[in-house]
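Student: First the structure, which I've put down as structure tokens, then a few questions once you've had a look.
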Amino acid sequence: MNEKLQSWLAPLTGLPVALIYGVLARLAFSAPDESGALSAMTCGFLFLVPIAMGALTVYFAPPNLQLSGRYAFFMPWVACIVTVLVIAAIGLEEVVCIVMALPLFLLLSSLGGWLMHLRKRKNYVSNLMHGSLLGLLLVAPYLVTPLETRLPVGDTIYHVQNQVEIAADVDTVWRNIIEVPLIQPEEQHFSIFHPLGLPKPLAATLSHEGVGGVRHASFENGLLFIEEITAWRDHDSLSFTIQRDAQRQLPAPLNQIGGRYFNVLDGTYRIEPLADGRVRLHLESTHRLSTRFDFYGGLWTRWVMWDLQDYILQIIKVRCEK
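Using the numbering used here, the first residue of the sequence shown is number 116, and each one after it goes up by one.
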């Protein structure tokens with residue numbers, strides 16, 4: 116029985132070490148922004164910590180498993196998943212942020228595991244792959260990040276467009292976009308991001324028609340966007356700037372909207388009449404992302420905005436077609 120238990124536990128030998136390293140790294144990289152030397156919103160944390168975790172997982176595994184390419188690639192995933200579950204459970208990170216970072220963590224942890232796997236392969240230049248390599252990987256996040264935070268961060272602007280065809284006339288559609296009466300619970304539908312903590316839209320009011328009018332778009336959890344009309348073509352299009360109401364105290368990660376890393380800038384509704392009497396309604400928006408990993412973060416922010424806009428359009432479609 117003991118031999119069977121040992122055989123079962125052998126693949127998990129490096130997991131506790133990687134878990135401890137990962138949790139301690141998240142605690143160390145706890146500066147709310149880059150004003151501190153260490154912040155989780157850095158490439159040093161997001162890219163180098165999972166590599167170190169993967170390396171630890173394989174380095175402390177039994178020698179026969181270190182020689183397995185499959186083990187070296189996939190076992191670090193277990194270490195990463197367990198680590199992020201612990202981090203979420205103790206409240207060090209929001210679930211939506213963990214989900215967004217997890218694919219990157221898994222891939223890079225495999226890289227770390229593979230480096231340790233190569234160290235054990237025969238006829239490889241093993242002097243380059245001794246414990247000194249592991250030590251370098253472990254301290255790399257702490258060496259790179261303070262240097263990284265000294266570099267400037269640029270802004271990346273993204274445009275997201277959605278459209279939906281509606282079996283209704285232009286007047287009906289127009290009335291349903293300039294203002295959105297309270298969305299009832301039975302009108303809400305599933306979005307993959309709502310279980311992760313992103314709020315559902317609730318309503319939108321308009322102070323007065325025309326340029327200079329102000330829409331108040333409210334969401335769950337107290338999120339409110341103040342939208343000033345910048346272009347108004349009656350029964351045709353509506354454009355507006357977007358600002359989060361900064362007076363409201365919001366939970367993380369909603370409090371990051373309008374902050375250093377992310378902001379929604381503007382939006383436009385446009386009605387396109389179709390020959391068969393239906394309408395194609397377009398909704399587009401612009402948002403800003405300001406990190407050193409926009410190439411990755413932008414994939415998620417564009418998906419989130421696309422999903423939100425599609426969600427709103429589907430509610431408008433159902434209401435107009437009643």
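Ideal Cβ placement from N, Cα and C applies to all residues, glycine included.
(1) So the candidates are Ile-341, Leu-251 and Leu-207; which of them puts its Cα closest to the Cα of Arg-330?
(2) Unbroken alpha helix (DSSP H) runs of length 4 or more, entirely within the stretch 327 to 405: which are they?
(3) Go ahead and pull the three-state DSSP assignment for Pro-316.
(4) Any idea if Gly-166 is buried or exposed, counting beta-carbon neighbours within 10 angstroms, 16 or more meaning buried?
(5) Does Leu-423 come out as helix, strand or coil in the three-state DSSP assignment?
(6) Given this structure, state the Cα-to-Cα distance separating Ile-202 from Asp-286, to the nearest angstrom.
(7) If I measure Cβ to Cβ from Tyr-186 and keep anything under 6 Å in the same chain, skipping five residues before and after, which residues do I get?
(8) For Gly-137 versus Met-168, is the C-beta distance shorter than 8 Å?
(9) Out of Asp-284, Asn-336, Val-419 and Ile-272, which one is the CA nearest neighbour of Asp-409?
(10) Using a Cβ-Cβ cut-off of 7 Å (strictly less than) and excluding sequence neighbours within five positions of Leu-252, which residues of its own chain qualify?
(11) So what's His-304 in DSSP terms, helix, strand or just coil?
(12) Name the DSSP beta bridge partners of Glu-280, please?
(13) Leaving out the 5 sequence neighbours to the left and right, which residues in its chain are closer than 6 Å to Ser-333 when beta-carbon positions are compared?
(14) What's the gap between the Cα of Arg-417 and the Cα of His-274?
(15) In terms of residue numbering, what span does the alpha helix (DSSP H) encompassing Ala-143 cover?
(16) Based on the DSSP secondary-structure assignment, which residues constitute the bridge partners of Ile-272?
(17) Could you pull out every residue in the same chain whose Cβ sits closer than 7 Å to the Cβ of Ile-427, ignoring the five residues on either side in sequence?
(18) Pairing CB atoms from the stretch 340 to 360 with CB atoms from the stretch 383 to 391, are three or more of them under 8 Å?
(19) Could you tell me the distance, in whole angstroms, from the CA atom of Val-240 to the CA atom of His-232?
(20) Only counting runs of 4 or more residues, tell me where the alpha helix (DSSP H) segments fall wholly within the stretch 164 to 198, in order along the chain.
(21) At the level of alpha carbons, what is the spacing between Phe-377 and Glu-335?
(22) Identify whether Leu-414 lies in helix, strand or coil by the three-state DSSP scheme.
(23) For Ala-125, does the three-state DSSP call read helix, strand or coil?
(24) Identify which residue in Leu-142, Tyr-174 and Phe-160 has its Cα closest to the Cα of Val-132.
(25) So, under 8 Å CB-CB, Leu-311 and Val-211 are touching, yes? Tell me the CB distance rounded to an integer number of Å.
(26) Using the C-alpha atoms, what's the distance from Gly-392 back to Gln-424?
(27) Can you check which of these residues, Val-433, Cys-195 and Trp-192, is closest to Val-295 by C-alpha distance?
(28) Determine whether the beta carbon atoms of Gly-328 and Leu-321 lie at a separation below 8 Å.
(29) Helix, strand or coil for Ser-322 per DSSP?
(30) CA-CA distance, Arg-363 and Leu-258?
(31) I'd like to know whether the C-beta atoms of Ala-517 and Leu-124 end up nearer to each other than 8 Å.
(32) At what residues does the alpha helix (DSSP H) containing Lys-235 begin and finish?
Tutor: In short:
(1) Ile-341
(2) none
(3) strand
(4) Note on identity: in this sequence residue 166 is Ile, with Gly being the wrong assignment. Buried, by the Cβ-count rule.
(5) helix
(6) Each residue's Cα considered, the two are about 51 Å apart.
(7) Leu-180
(8) yes
(9) Ile-272
(10) Ile-166, Ala-167, Ala-170 and Gly-227
(11) His-304 falls in the coil class under three-state DSSP.
(12) Arg-395
(13) Leu-317, Ala-318 and Leu-339
(14) 8 Å
(15) 130 to 143
(16) Arg-403
(17) Pro-316 and Leu-398
(18) yes
(19) Confidence at Val-240 is low in this model, with a pLDDT of 49, below 50, so its placement is unreliable and no value can be given for it.
(20) Within the stretch 164 to 198, the complete alpha helix (DSSP H) runs of at least 4 residues are 164 to 174 and 178 to 181.
(21) 19 Å
(22) helix
(23) helix
(24) Tyr-174
(25) 4 Å
(26) In this model, Gln-424 and Gly-392 are separated by some 23 Å (Cα to Cα).
(27) Nearest option by C-alpha distance: Val-433.
(28) Yes, the Cβ-Cβ distance between Gly-328 and Leu-321 is below 8 Å.
(29) coil
(30) 38 Å
(31) The chain is shown from 116 up to 437; residue 517 falls before or after that span and cannot be answered.
(32) Boundaries of the alpha helix (DSSP H) around Lys-235: 210 to 235.
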